[in-house]
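In my numbering, the protein residues as written are 102 to 309.
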Ligand code: PRP
């Protein structure tokens with residue numbers, strides 16, 4: 102498997118992901134778990150965030166410190182990517198959020214774009230594409246295509262579950278995009294669902 106793939110080994114991620122998969126987990130708990138997993142996975146995905154030096158006044162004097170030197174853009178892929186936004190915004194309150202609307206055509210499994218309000222010029226230095234599921238990879242490849250056409254330079258994918266097929270497709274199309282996920286599952290089934298997976302993330306999140 103490609104070295105672009107980073108599968109979390111954090112015990113909290115494993116624990117929460119197991120609860121997320123559970124067929125008996127209700128919508129409210131499902132959304133909470135997605136929010137918590139997003140926060141944990143974002144912590145891991147931002148390990149190479151660029152810093153600049155700064156100073157800070159403490160009650161005891163002045164200390165040398167650091168502050169983020171890059172503006173981060175969250176790019177949730179509608180709908181299910183929305184669930185990953187809140188947790189990350191808690192961790193990084195100054196992020197920009199740029200939504201991309203894509204749905205997967207149920208027959209062809211190809212992504213169809215229905216929402217994109219990106220401004221003419223890029224306004225962020227790092228984009229985090231948020232989508233809980235990397236299945237065939239069609240949606241994430243299309244989203245990264247859009248961001249590259251926009252002019253984004255540094256792009257990462259952050260998701261909860263990936264299938265090997267999706268990782269292969271995204272890393273082949275965009276070998277400069279690191280992939281951060283909670284787990285790499287076995288395979289896709291014949292209707293493009295990740296197995297063993299967690300079902301349809303959008304439906305479980307929004308009760309549809
Ligand atoms: C699901 C999922 C991803 C996409 C992954 O979205 O949330 O966006 O499929 O599949 P891919 O890697 O094969 O492209 P869906 O089309 O069901 O839309 P939704 O999020 O609105 O439910």
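Cβ coordinates follow ideal geometry from the N, Cα and C atoms, glycine included.
inquiry  = For residue 232 and residue 296, what's the separation of their Cα atoms in angstroms?
reply    = Position 131 of the chain shown holds residue 232. Position 195 of the chain shown holds residue 296. One C-alpha to the other measures close to 17 Å.
key: Cβ-Cβ distance between residue 172 and residue 197 below 8 Å   = Translated into positions along the chain shown, residue 172 becomes position 71. Translated into positions along the chain shown, residue 197 becomes position 96. Taking C-beta atoms as the reference points, residue 172 and residue 197 count as a pair closer than 8 Å.
query = Do the CB positions of residue 243 and residue 279 come within less than 8 Å of each other?
reply = The residue labelled residue 243 in the question sits at position 142 within the chain shown. The residue labelled residue 279 in the question sits at position 178 within the chain shown. Judged by beta-carbon spacing, residue 279 lies beyond the 8 Å limit of residue 243, meaning their Cβ atoms are not closer than that value.
query = Who sits around the ligand PRP, taking every residue whose Cβ is closer than 7 Å to one of its heavy atoms?
reply = Counting every residue whose Cβ lies closer than 7 Å to a heavy atom of the ligand PRP, we get 178, 179, 180, 181, 182, 203, 204, 205, 210, 212, 232, 233, 234, 235, 236, 237, 238, 239, 240, 241, 267, 293, 301, 302, 303, 304.
message = On the criterion of 16 or more Cβ atoms from any shown chain inside 10 Å, does residue 252 qualify as buried, or is it exposed?
response = In the chain shown, the residue the question calls residue 252 occupies position 151. That one is exposed.
ask   = Whose C-alpha, out of 214, 285, 181, is nearest the C-alpha of residue 301?
value = Numbered from its first residue, the chain shown carries residue 301 at position 200. 181 is the residue among 214, 285, 181 whose C-alpha sits nearest the C-alpha of residue 301.
Exposure of residue 292, with buried meaning 16 or more beta-carbon neighbours within 10 Å = Residue mapping note: residue 292 aligns to position 191 of the chain shown, counting from 1. Exposed: under 16 other Cβ atoms inside 10 Å.
inquiry  = Please tell me whether residue 283 and residue 185 are closer than 8 Å, where the distance is taken between their beta carbons.
reply    = By one-based count along the chain shown, residue 283 stands at place 182. By one-based count along the chain shown, residue 185 stands at place 84. No, they are not a contact pair.
ask   = Do residue 299 and residue 183 come within 8 Å of each other at the CB atom, strictly closer than that value?
value = What you label residue 183 is simply residue 82 of the chain shown in a count that begins at 1. What you label residue 299 is simply residue 198 of the chain shown in a count that begins at 1. For residue 183 and residue 299, no; Cβs fall outside 8 Å.
query = Thinking just about the alpha-carbon of each residue, which of 222, 205, 268 is nearest to the one in residue 105?
reply = Taking the first residue of the chain shown as 1, we reach residue 105 at position 4. Nearest C-alpha to residue 105: 268.
inquiry  = I'd like to know whether the C-beta of residue 222 is nearer than 8 Å to at least one C-beta of chain B.
reply    = Of the protein chains in this structure there is only one, and it is not chain B.
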